[in-house]
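K.L.:
This is the structure I want to talk about, given as structure tokens.
Numbering (this note's numbering), first residue to last: 3 to 420.
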């Protein structure tokens with residue numbers, strides 16, 4: 003461990019409004035558990051910050067004592083960047099405030115807030131920030147990497163709606179940054195990851211969305227996957243920006259609209275989304291049903307905040323995860339064949355391959371407008387190795403790595419850092 007004297011640690015504790023945890027404290031083990039159960043790290047100190055002043059104090063302490071420093075927002079990072087061994091963790095999970103200024107169409111979001119926190123507050127006003135697709139994801143990590151989801155084609159990436167931020171830099175100074183205040187630093191946090199400081203507050207422009215949207219799933223048999231994905235690829239090139247369709251290949255979960263004999267079988271599910279009412283979105287979504295034999299579907303009007311939680315059960319905490327990602331400008335027939343081959347050999351029912359459709363407004367900014375540079379990408383492809391038992395580690399990690407290597411020659415050569 004760090005070898006810090008008790009009086010030094012006690013001095014840090016006295017300087018905080020929040021809580022300081024050490025190994026042996028009652029809440030320590032719970033505080034070092036994050037979303038990915040593969041990650042088992044033991045920080046020397048965990049500062050559960052109550053506000054920005056605590057963050058400044060913690061950064062200064064880590065700097066002055068030469069401690070490794072990690073920052074926990076939502077704790078969703080697959081690689082476990084929220085934790086470090088024998089160092090100091092700044093835990094922002096107590097800072098989840100969201101304030102909506104409806105007149106100015108702005109949201110002020112604390113650094114520990116989750117996507118669901120933002121959706122809950124903004125949707126009460128019929129407004130939204132273009133965020134990700136899992137409500138338990140942390141806003142901070144998502145935003146700092148770029149951020150894409152159902153609204154990206156219509157409204158751009160999450161960073162494209164970021165108009166300002168409060169950040170604590172390595173000198174332990176609190177700074178307010180934006181297009182006119184330290185613009186270089188503001189440029190860097192829009193896609194450059196968590197390398198530039200601890201963001202304690204995000205300021206987002208809000209957009210009119212919902213509360214009701216059109217969304218749902220159309221499910222096809224994996225045996226028709228080649229035809230479905232090729233027709234999907236050709237069709238999405240014609241879509242308006244306010245329609246998004248993602249593809250997910252996996253074992254069918256026990257969804258109530260699927261026949262029981264489909265549960266556990268290999269499927270291709272197309273997740274469709276539009277902020278338009280059902281009657282207006284119908285023309286764009288109807289052709290999807292002709293891609294193959296529909297095993298089941300559930301598409302209709304749904305509250306946007308509820309749709310944002312649709313995939314939460316498939317991404318619940320406590321499982322072991324190993325993910326890889328490729329960006330694609332085009333999806334070749336050869337790439338589709340590789341996707342289908344590996345989707346047909348998933349090592350556990352929790353593993354999946356998904357294609358997130360981007361493009362549209364997300365690709366309008368210049369490549370150097372933000373630190374997120376991938377402004378030519380049509381699809382973000384993720385392979386989700388996901389399982390429950392440590393005994394399956396090698397098998398599941400190996401499957402994800404093999405797929406990643408096999409499809410790499412057909413990818414754009416860039417990777418979404420989240």
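Here a beta-carbon is modelled for each residue, glycine too, at the ideal position from N, C-alpha and C.
1) Residue ranges of each beta strand (DSSP E) run of no fewer than 3 residues wholly in the region 24–82, ordered along the chain?
2) Would you report the Cα separation of residue 136 and residue 76, rounded to the nearest angstrom?
3) Taking the alpha-carbon positions, what's the residue 123 to residue 221 distance?
4) Assuming residue 324 contacts residue 382 (C-beta within less than 8 Å), just tell me the rounded distance between them.
5) Apart from the five residues on each side of it in sequence, which residues of its chain come closer than 8 Å, Cβ to Cβ, to residue 261?
6) Is it true that the CB of residue 205 sits closer than 8 Å to the CB of residue 129?
7) Going by DSSP, which residues form a beta bridge with residue 248?
8) Given this structure, state the Cα-to-Cα distance separating residue 367 from residue 377, to the nearest angstrom.
9) Just curious, the alpha helix (DSSP H) that residue 342 is in, first and last residue?
10) Relative to the alpha-carbon of residue 203, which residue among 284, 157, 286, 114 has its alpha-carbon at the smallest distance?
11) Quickly, what does DSSP pair residue 389 with across the bridge? List them, please.
12) According to DSSP, is residue 179 part of a helix, a strand, or is it coil?
13) Checking the sheet assignment: what are the DSSP bridge partners for residue 305?
14) Going by DSSP, what residues sit across from residue 383 in a beta bridge?
15) Below 8 Å on the Cβ atoms is my guess for residue 98 versus residue 121; work out the distance and round it to an integer in Å.
16) What's the gap between the Cα of residue 319 and the Cα of residue 59?
17) Can you tell me whether residue 50 is buried or exposed? The criterion is at least 16 other CB atoms within 10 Å of its CB, across all chains shown.
18) Put residue 206 into one of helix, strand or coil per three-state DSSP.
19) I'd like the list of long-range same chain contacts for residue 397, defined as Cβ closer than 7 Å, with 5 residues on each side in sequence excluded.
20) Whole angstroms are fine: how far does the CA of residue 316 sit from the CA of residue 227?
21) Which residue marks the beginning of the alpha helix (DSSP H) containing residue 237, and which one marks its end?
22) Could you work out which residue in 192, 91, 147 is closest to residue 167 when comparing CA atoms only?
P.N.:
Taking the geometry as given:
1) Along the length of the region 24–82, whole beta strand (DSSP E) runs at least 3 residues long occupy 47–50, 71–74, reported in chain order.
2) 11 Å
3) 32 Å
4) The C-beta distance from residue 324 to residue 382 rounds to 17 Å, too long to meet the 8 Å contact threshold.
5) 297, 298
6) no
7) 273
8) 7 Å
9) 335–345
10) Closest option to residue 203, Cα to Cα, is 114.
11) Residue pairing by DSSP places residue 389 opposite 322 in a beta bridge.
12) Strand, per DSSP.
13) 214
14) 328, 357
15) With a Cβ gap of about 13 Å, residue 98 and residue 121 do not count as contacting.
16) If I take the Cα positions, the gap works out to 30 Å.
17) Around the beta carbon of residue 50, a 10 Å sphere encloses 16 or more other beta carbons of the protein chains shown; the residue is thus reported as buried.
18) strand
19) 349
20) 21 Å
21) 227–238
22) Cα-wise, what sits closest to residue 167 is 192.
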